[in-house]
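Before any comments, here is the structure.
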Amino acid sequence: MAYKKKHATKDEDRRDFHPSIRSTRKEWIKIMAAAHALKMSVSDWMVFKADRQKKT
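Residue numbers (this note's numbering): 945 to 1000.
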């Protein structure tokens, strides 16, 4: 899957790309686990999650 990192412009986007800003270590571990379970890189998982949030 070709993947180009989108640049975070708004605060919400930046939060997605830098979990340490807003989320706890436990949440980050959960994200890592989910990304690993789906055989994705963490950045791909972040983009996937962001896309899913936009749709709902």
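Think of the CB as a built atom: it goes at the ideal place given N, C-alpha and C, for glycine as much as any other residue.
{"Item": "Kindly list the residues whose CB is nearer than 6 Å to the CB of L982, restricted to its own chain and excluding five residues on each side of it in sequence; keep chain order.", "Value": "none"}
{"Item": "What runs of the alpha helix (DSSP H), each 4 residues or longer, lie entirely inside the stretch 964–988?", "Value": "969–981"}
{"Item": "Could you check the C-alpha separation between S987 and D995 for me, to the nearest Å?", "Value": "12 Å"}
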